[in-house]
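Heads up, the thing below is written out as structure tokens.
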Amino acid sequence: MSNRDSNRVHPSVPILFEDNHVLGVAKPVNVPSQEDATGDPDMLTILKQDIKERYNKPGNVYLGLVHRLDRPVGGAMVFAKTSKAASRLSEAVRSRNFHKQYAAIVHGIPSKPSGRLHDFLLKDTKTNTVRVVPKGTDGAKEALLDYTVLESKNGLSLVLIELHTGRPHQIRVQFSHAENPLYGDQKYGSKVNQAGQQIALWSVRVGFPHPTTKDEVNILSTPPAVHPWSQFSMDALMRTLQSQ
Numbered sequence: 001m002s003n004r005d006s007n008r009v010h011p012s013v014p015i016l017f018e019d020n021h022v023l024g025v026a027k028p029v030n031v032p033s034q035e036d037a038t039g040d041p042d043m044l045t046i047l048k049q050d051i052k053e054r055y056n057k058p059g060n061v062y063l064g065l066v067h068r069l070d071r072p073v074g075g076a077m078v079f080a081k082t083s084k085a086a087s088r089l090s091e092a093v094r095s096r097n098f099h100k101q102y103a104a105i106v107h108g109i110p111s112k113p114s115g116r117l118h119d120f121l122l123k124d125t126k127t128n129t130v131r132v133v134p135k136g137t138d139g140a141k142e143a144l145l146d147y148t149v150l151e152s153k154n155g156l157s158l159v160l161i162e163l164h165t166g167r168p169h170q171i172r173v174q175f176s177h178a179e180n181p182l183y184g185d186q187k188y189g190s191k192v193n194q195a196g197q198q199i200a201l202w203s204v205r206v207g208f209p210h211p212t213t214k215d216e217v218n219i220l221s222t223p224p225a226v227h228p229w230s231q232f233s234m235d236a237l238m239r240t241l242q243s244q
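Here UniProt numbering is used: the first residue of the sequence shown is 1, the next is one more, and so on.
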């Protein structure tokens, strides 16, 4: 089940799905998922205010943060409109019944047309960076994703990624470690990217059992028609998603 329309809660935040329990939107790039030290407008605050105004709700509005997207990453994002929905969606995340797919543009051509990246990641909280470390390293967490190369041209490849674990910076770190850093990623691909480039990573599908009906919900979001996305066929990407 999916629901897409042109309604917007904010000039740059399209609504992709909404009912009494779940709100799915397309997060713009460079907007934090929740309040951070910058004090910049964040998704949780923007959406709470919108619900308050659209439904004329008095007092505080409940909205649960189910998952996060890194600040420079845009695309499909899901929020819970009730505490019961938040609990059930969080359980779906823990039991890996909450499916997340991303599109990314990487430098070069991955060694296999499709495959799995399986690493162990360690985060340095002082520098807010993550690196691949040997299995068994104290504090390291398992990171697992599957990918398919959809198209390659001009030294870049469009890949579709199924994320199985939700580690900080996971996709960016794993592809950099595989020597295919993401286009525009200054943190993990500074040798091949230029300052000011926008990272080419987009949340294209979030799928999960509805917290009350248990029907499968699939929320889709198309990457923007700007460089470098515009070099590749987004129609082919979305057809691949819809066929799954």
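From the three backbone atoms N, C-alpha and C, an ideal C-beta is built for every residue, glycine too. All values derive from a computational prediction rather than experimental measurement.
If residue i sits next to residue j, beta carbons under 8 Å apart, how far is it from one beta carbon to the other, in whole angstroms?
i	j	result
Leu44	Leu69	The pair is not a contact, with the Cβ atoms about 12 Å apart (cut-off 8 Å).
Ala103	Val206	Actually they do not touch by this definition, with Cβ atoms about 13 Å apart.
Leu16	Ser221	6 Å
Asn180	His107	6 Å
Do the CB positions of residue i and residue j come within less than 7 Å of each other?
i	j	result
Ser157	Ile109	yes
Thr165	Ala143	yes
Arg172	Asp185	yes
Ser176	Gly189	yes
Ile161	Leu145	yes
Ile219	Ala76	yes
Pro134	Arg71	no
Gln49	Asp42	no
Phe208	Ala26	no
Val61	Ile51	yes
Leu163	Lys214	no
Could you pull the start and end residues of the alpha helix (DSSP H) that residue i belongs to?
i	result
Glu91	Ser83 to Arg94
Arg172	Gln170 to His177
Arg54	Met43 to Arg54
Leu236	In the sequence under discussion, the amino acid at residue 236 is Ala, which differs from the Leu named in the question. Met234 to Gln242 is the extent of the alpha helix (DSSP H) around Ala236.
Among the options, which residue has its Cα nearest to the Cα of residue i?
i	options	result
Leu89	Pro228, Thr212, Ala236 and Ala178	Thr212
Val13	Gly74, Asn180 and Glu179	Gly74
Thr127	Ala92, Val226, His169 and Gln242	His169
Ile105	His227, Val66 and Asp36	His227
Asp124	Asn30, Gly115 and Ala140	Ala140
Leu241	Val159, Ala178 and Pro224	Val159
Pro28	Ala236, Leu201 and Met238	Leu201
For the beta strand (DSSP E) that contains residue i, what are its first and last residues?
i	result
Lys123	Ser114 to Asp124
Ala143	Lys141 to Lys153
Gly207	Leu201 to Pro209
Val66	Run containing Val66: none; DSSP gives neither H nor E here.
Leu182	Counting along the chain, Leu182 falls outside any beta strand (DSSP E), and DSSP gives it neither H nor E.
Gly24	Val22 to Lys27
Gly74	Gly74 to Ala80
Glu18	Val13 to Glu18
Ser157	Leu156 to Leu163
Asn218	Glu216 to Leu220
* Any 3 or more C-beta pairs closer than 8 Å across the stretch 190–197 and the stretch 115–132 -> For the pair of segments examined, the stretch 190–197 was found not to touch the stretch 115–132: the number of CB pairs separated by less than 8 Å stays below three.
* Inter-stretch contact (C-beta, 8 Å, three-pair minimum) for the stretch 13–28 and the stretch 79–89 -> In short, these stretches touch, since the Cβ pair count reaches three.
* Are there three or more Cβ pairs, one per stretch, closer than 8 Å when the stretch 147–156 is compared with the stretch 219–236? -> Yes: the two stretches touch, three or more of their Cβ pairs being nearer than 8 Å.
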